[in-house]
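Engineer: Residue numbers (this note's numbering), protein chains in the order written: chain A, 1 to 196; chain B, 1001 to 1093.
All C-beta atoms in this analysis are idealised placements derived from N, C-alpha and C, irrespective of residue type, glycine included.
This structure is a prediction, so every number in the text was calculated from the model and none was measured.
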Amino acid sequence: MYCRPSGKECKVPESEEQQILTQASQGDLDAFGVLYGRYVERIFNYVYYRTGNVHDAEDLTARVFYRALHHMHTYTDRGVPFSAWLYRIAHNLVANWHRDRSRHQEIPLSDVPTIHYKGEAPEAALIQTQERDSLLRMIRHLPAERQHLLILKFVEHMSNAEIGETMNRSEGAVKSLYHRTLLSLRDELGGFDLGE
Amino acid sequence: MHTKMNQFGDRSMEIINFMENRLSGILKPIKPSKEFVHGVAARIQMGNRAALVERMTNWHVISMVIAGLISLAVFMAVVGGVLMSLLRKNRTA
């Protein structure tokens, strides 16, 4: 079973998750395979929006799970979701990836999710594409924590409480950070005519 | 004052709603390719074997480096000994 980002169907009973985690931490590769199936799309999406291209997202996602497999025996349940542990590994690998590159990569247009602008003139579509690219660039220049928050909110469609659990913050802190992030993004977007 | 605060709050909420609409249009779930997902899954299933091979490869490299260093040290010692004996012979002659 592959767990879709935001998919409520990937909610599994906590006891079942616990059992699988215990088996995986004891070296059971099948149990780890189940965890991989549940979380691969979420980690891929996180890495994709942090790096901006599919090729590096695949490479880093694979490395996240190899590293997780290698360190699985050290995993201990501290009351935070298993995904938080995976996101921390992903965050570290993405940070190294950014450090290794002197310049940030731009998202090739072919990699951007296709959005159809029905009935719009090509000029209007071009402006929207430019605006979208520029917004994605701005997101990638936000502090890692804010990027993470936006990905969990918009890609995973998590509630503030769920985000707080994953990011080890209170629900109120998440809400406040979310509002500040959106307001600062809007300030940075100021140069664009956003149709207000 | 209170009205100004309300206006500020309303304006912020307007911006937040506006940005939410924009972001929900561009931050969408992306599906990784099936080849990628299954490829990594297969490698995970072979995890133990792959790790063993990696470890053996590492040991192989490390042992070769150590052997190389020992050979170099022995070679240097032999060359040094020969040079020293040649120097002694020259002095006595």
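What is the rounded straight-line gap between the Cα of residue 189 (chain A) and the Cα of residue 1060 (chain B)?
Structural biologist: Looking up residue 189 (chain A) in the first sequence gives position 189. Looking up residue 1060 (chain B) in the second sequence gives position 60. Between residue 189 (chain A) and residue 1060 (chain B), the C-alpha separation is close to 55 Å.
Engineer: Quick check: residue 34 (chain A) and residue 43 (chain A), are their CB atoms within less than 8 Å of each other?
Structural biologist: In the first sequence, residue 34 (chain A) corresponds to position 34, counting from 1. In the first sequence, residue 43 (chain A) corresponds to position 43, counting from 1. Not in contact: residue 34 (chain A) and residue 43 (chain A) (Cβ atoms no closer than 8 Å).
Engineer: Does residue 39 (chain A) have its Cβ less than 8 Å from a Cβ in chain B?
Structural biologist: Looking up residue 39 (chain A) in the first sequence gives position 39. So, not an interface residue.
Engineer: In three-state DSSP terms, what is residue 146 (chain A)?
Structural biologist: As a working mapping, residue 146 (chain A) is identified with position 146 in the first sequence. Residue state, collapsed to three classes: helix.
Engineer: Only counting the same chain, and skipping five residues up and downstream in sequence, which positions put a Cβ closer than 7 Å to that of residue 1024 (chain B)?
Structural biologist: To locate residue 1024 (chain B), count along the second sequence from 1; it is residue 24. Excluding positions up to five away in sequence, the list is empty.
Engineer: State yes or no: is the beta carbon of residue 1036 (chain B) nearer than 8 Å to at least one beta carbon in chain A?
Structural biologist: The count along the second sequence starts at 1 and reaches residue 1036 (chain B) at position 36. Taking Cβ atoms only, chain A reaches closer than 8 Å to residue 1036 (chain B), which makes this a yes.
Engineer: Could you give the first and the last residue of the continuous alpha helix (DSSP H) run that contains residue 167 (chain A)?
Structural biologist: On the first sequence, position 167 is the one that residue 167 (chain A) refers to. Its alpha helix (DSSP H) spans residues 160-167.
Engineer: I'd like the list of long-range same chain contacts for residue 57 (chain A), defined as Cβ closer than 7 Å, with 5 residues on each side in sequence excluded.
Structural biologist: Along the first sequence, read from residue 1 onward, the residue named residue 57 (chain A) stands at position 57. 44, 47, 48, 51.
Engineer: Looking at residue 171 (chain A): is its Cβ nearer than 8 Å to the Cβ of residue 164 (chain A)?
Structural biologist: In the first sequence, the residue the question calls residue 171 (chain A) occupies position 171. In the first sequence, the residue the question calls residue 164 (chain A) occupies position 164. Yes, the pair counts as a contact, with Cβ atoms nearer than the cut-off.
Engineer: Output, in chain order, the set of chain B residues within a Cβ distance shorter than 9 Å of residue 74 (chain A).
Structural biologist: Position 74 of the first sequence, counted from the start, is the residue given in the question as residue 74 (chain A). By Cβ distance, chain B contributes nothing, its closest Cβ being about 15 Å from residue 74 (chain A), past 9 Å.
Engineer: Within the chosen definition, does the stretch 173-187 of chain A reach the stretch 1027-1034 of chain B through at least 3 CB pairs nearer than 8 Å?
Structural biologist: They do not touch, by the three-pair rule.
Engineer: Is residue 1082 (chain B) helix, strand or coil when you go by DSSP?
Structural biologist: As a working mapping, residue 1082 (chain B) is identified with position 82 in the second sequence. Residue 1082 (chain B) falls in the helix class under three-state DSSP.
Engineer: State the start and end residues of the unbroken alpha helix (DSSP H) segment that holds residue 56 (chain A).
Structural biologist: One-based indexing of the first sequence puts residue 56 (chain A) at position 56. 54-71 is the span of the alpha helix (DSSP H), which, as asked, contains residue 56 (chain A).
Engineer: Measure the Cβ-Cβ separation of residue 87 (chain A) and residue 1041 (chain B) and say whether it is below 8 Å.
Structural biologist: The count along the first sequence starts at 1 and reaches residue 87 (chain A) at position 87. The count along the second sequence starts at 1 and reaches residue 1041 (chain B) at position 41. Against a cut-off of 8 Å, the Cβ pair of residue 1041 (chain B) and residue 87 (chain A) comes out as no contact.
Engineer: Whole angstroms are fine: how far does the CA of residue 100 (chain A) sit from the CA of residue 1076 (chain B)?
Structural biologist: If you number the second sequence from 1, residue 1076 (chain B) lands on position 76. If you number the first sequence from 1, residue 100 (chain A) lands on position 100. Residue 1076 (chain B) and residue 100 (chain A): Cα-Cα distance of roughly 40 Å.
Engineer: List the residues of chain B that residue 33 (chain A) touches, going by C-beta distances under 7 Å, in chain order.
Structural biologist: The count along the first sequence starts at 1 and reaches residue 33 (chain A) at position 33. Near residue 33 (chain A) (Cβ distances below 7 Å), the residues of chain B are 1041, 1044, 1045.
Engineer: If you drop the 5 nearest sequence neighbours on each side, which residues of the same chain put their C-beta closer than 8 Å to that of residue 67 (chain A)?
Structural biologist: Within the first sequence, numbered from 1, the residue matching residue 67 (chain A) stands at position 67. If we look at residue 67 (chain A) and ignore the five residues flanking it on each side, its Cβ neighbours are 89, 93.
Engineer: On the criterion of 16 or more Cβ atoms from any shown chain inside 10 Å, does residue 1014 (chain B) qualify as buried, or is it exposed?
Structural biologist: Counting from one through the second sequence, the residue named residue 1014 (chain B) turns up at place 14. Result: exposed.
Engineer: Given that residue 49 (chain A) touches chain B, what residues does it touch there, using C-beta distances under 9 Å?
Structural biologist: By 1-based counting over the first sequence, the position of residue 49 (chain A) is 49. By Cβ distance, chain B contributes 1027, 1030.
Engineer: Tell me, please, whether the CB atom of residue 142 (chain A) is closer than 8 Å to any CB atom in chain B?
Structural biologist: On the first sequence, residue 142 (chain A) is found 142 positions in, with the first residue counted as 1. Taking Cβ atoms only, chain B never reaches closer than 8 Å to residue 142 (chain A), which makes this a no.
Engineer: Mind reading off the beta-carbon distance from residue 178 (chain A) to residue 142 (chain A)? Whole number of angstroms is fine, and I expect it under 8 Å.
Structural biologist: What you label residue 178 (chain A) is simply residue 178 of the first sequence in a count that begins at 1. What you label residue 142 (chain A) is simply residue 142 of the first sequence in a count that begins at 1. Not quite, the Cβ-Cβ distance comes to about 12 Å (not below 8 Å), so this is no contact.
Engineer: Using a Cβ-Cβ cut-off of 8 Å, state whether residue 1022 (chain B) counts as contacting chain A.
Structural biologist: Position 22 of the second sequence, counting from 1, holds the residue named residue 1022 (chain B). Interface residue, yes.
Engineer: Work out the CA separation of residue 1046 (chain B) and residue 41 (chain A) for me, nearest whole Å.
Structural biologist: On the first sequence, residue 41 (chain A) is found 41 positions in, with the first residue counted as 1. On the second sequence, residue 1046 (chain B) is found 46 positions in, with the first residue counted as 1. Each residue's Cα considered, the two are about 21 Å apart.
Engineer: Cβ of residue 45 (chain A) less than 8 Å from any chain B Cβ?
Structural biologist: Locating residue 45 (chain A) in the first sequence gives position 45, where the first residue counts as 1. True, the Cβ-Cβ gap to chain B drops below 8 Å.
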